[in-house]
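Worksheet for the structure shown next.
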């Protein structure tokens, strides 16, 4: 009797199935092969992979192996057809690929041949499998929505800074929460991602999965509204018809579940909003990398149509340089008819109004009070960080002691040595940071900012404005100007309060409008 050659494909898809189910599939397949004189030449196994998508590594390897085969493989054996695929389109497409090579898919439990009746039955079986998968997904989504409305954990890793309790509620992880606070504090104070990553790694902090921090993990943390105490669920789009998930594409607001107070708060809403504004400002304005002329309002100015306005330099009809701000929409879509505005005119106006309405003696007493309150608040935050870092140092010392005990007991290997070196470095960094914070806190307690110091600061900035020292003006201006909006018939300048942390004693946003 001719010996047929085959490959095996097996799969289990979720935490409800275990490796034993793979063993059961393989056992049944091997028994089927022995009874039918089939020689198995290779096997491919996907663990914890769904059959609703073809994005399964071993499945793809199996298809490539079959397409490249020259030994005469005649079949792919599966335990059930839904192990091959629950998507009818994928199933038909890949079966056709195999059919071109003379290979058919054989199910151990569904004994189908090439008769017309079997073809109909196979289609029905695959259709039911796809229905089962879609219905299961719908029921899971219902349960997740109910959990979401009750601000409960819905699976996956909790965000850094949180643990999940036995009743699926979120609780603060104090050590991780300190890392989150460091990230936000450094970011809003102007530090780059690289600076923040270096600091976190120096102090021995890790991501939720125990890895070192990278730029993507920082971006995700800085963008996560949950840290303000708002529970958020169902924000990103699910898989599309192509089986791909777009994590950057959000659902409409009426689909997103938000529960105010549903999470323990780690970051204040003010700090979070400040971080979001800074992230927007740090995004490169289209065309800004080409600029050879200084534009001090870059990142702050936009057109009434919503597009950012870009610096533009050209020659006028007399051959002279004409430097302006122009709506980016005009260049990209050509459907905005707002006129460009001369740079010198606009910047002169903004600086003059800033000097007149914000940098004045009336603001000084309130600002002095707010600055000192801010310093006291920072001192309290530093004490909290000191306590957390001391706790972390205590844990590090215990880990070092455990490794030293292991070495003294004769357990010596390169991994222990490397771990000990890493912990010793973290210990050194922690001790330096604790010493630095202690000195800083002591100095903060003795500092009191006077009105004369603020007048001196204002005077320095006024000198920059008066002399039109544009590079220095650009450094200061983002602290004071929130936004400049250019309309067809007017310009609207929105000033921040003198500093973002000054409260109601100074007007919140000052709108200065001028006709063009």
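Numbering (the working numbering), first residue to last: 459 to 974.
Ideal placement from N, C-alpha and C gives every residue a C-beta, glycine not left out.
This one's a predicted model, so the numbers in the text were calculated from it and none came from an experiment.
- Excluding the 5 residues flanking it on each side, residue 630 has same chain C-beta neighbours closer than 8 angstroms at 619, 620, 621, 722, 724, in chain order.
- In the same chain as residue 646, and ignoring 5 residues on each side of it, the C-beta atoms closer than 8 angstroms to its own belong to 729, 732, 733, 736, in chain order.
- When C-beta atoms of the segment 480 to 495 are compared with those of the segment 535 to 545, three or more pairs fall below 8 angstroms, so the two segments count as touching.
- Going by DSSP, residue 629 is part of the beta strand (DSSP E) stretching over 628 to 630.
- If you keep only unbroken beta strand (DSSP E) runs of at least 3 residues inside the segment 768 to 813, you get 779 to 785.
- In the DSSP assignment, residue 532 falls outside any alpha helix (DSSP H) and lies within the beta strand (DSSP E) extending over 531 to 536.
- The Cβ-Cβ distance between residue 469 and residue 541 falls below 7 angstroms.
- Per DSSP, reduced to three states, the secondary structure at residue 763 is coil, with no helix or strand assignment.
- In this structure residue 850 touches residue 633 by the C-beta definition: roughly 6 angstroms separates them, less than 8 angstroms.
- Excluding sequence positions up to five before and after residue 765, its CB lies within less than 6 angstroms of the CB of 785, 786, 787, all in the same chain and listed in chain order.
- Its Cα nearest to that of residue 532, the residue 497 stands out among 852, 604, 497, 607.
- Per DSSP, the beta bridge partners of residue 501 are 466.
- In the three-state DSSP reduction, residue 496 falls in the strand class (E or B).
- With contacts defined by Cβ atoms closer than 7 angstroms, residue 799 and residue 782 form a contacting pair.
- With 16 or more other CB atoms across the displayed protein chains lying within 10 angstroms of its CB, residue 465 is buried.
- Distance from the CA atom of residue 763 to the CA atom of residue 772, rounded to whole angstroms, is 23 angstroms.
- Taking all protein chains shown into account, residue 715 has 16 or more neighbouring C-beta atoms within 10 Å of its C-beta and is therefore buried.
- For residue 948, no alpha helix (DSSP H) run applies; the uninterrupted beta strand (DSSP E) run containing it begins and ends at 948 to 953, by DSSP.
- For residue 525, the enclosing alpha helix (DSSP H) begins and ends at 515 to 526.
- Collapsing the DSSP output to three states places residue 664 in coil.
- Look at the beta carbons and you see the segment 660 to 680 touching the segment 841 to 858: at least three pairs across the two are nearer than 8 angstroms.
- Residue 826 is positioned such that its CB atom lies no closer than 7 angstroms to that of residue 943.
- Assignment of beta-bridge partners to residue 716 by DSSP yields 690.
- Contact annotation, residue 521 with residue 555: C-beta distance approximately 6 angstroms; criterion of less than 8 angstroms satisfied.
- If you compare the alpha carbons of 867, 804, 491, 524 with that of residue 502, the shortest gap goes to 524.
- A direct Cα-to-Cα measurement between residue 649 and residue 642 gives close to 10 angstroms.
- Each residue's CA atom was taken as its position, placing residue 916 and residue 626 some 52 angstroms apart.
- Around the beta carbon of residue 526, a 10 Å sphere encloses fewer than 16 other beta carbons of the protein chains shown; the residue is thus reported as exposed.
- The Cβ-Cβ distance between residue 609 and residue 720 falls below 7 angstroms.
- Collapsing the DSSP output to three states places residue 651 in a helix.
- In this structure, the alpha-carbon of residue 843 lies about 11 angstroms from that of residue 638.
- Non-local C-beta neighbours of residue 463 in its own chain, meaning closer than 7 angstroms and more than five positions away in sequence, comprise 497, 499, 529, 530, 531, 532, ordered along the chain.
- Residue 919 has its alpha-carbon roughly 52 angstroms from the corresponding atom of residue 858.
- Taken atom to atom, the span from the alpha-carbon of residue 909 to that of residue 755 is near 29 angstroms.
- Per DSSP, reduced to three states, the secondary structure at residue 941 is strand.
- For the pair residue 895 and residue 840, the CB atoms are nearer than the 7 angstroms cut-off.
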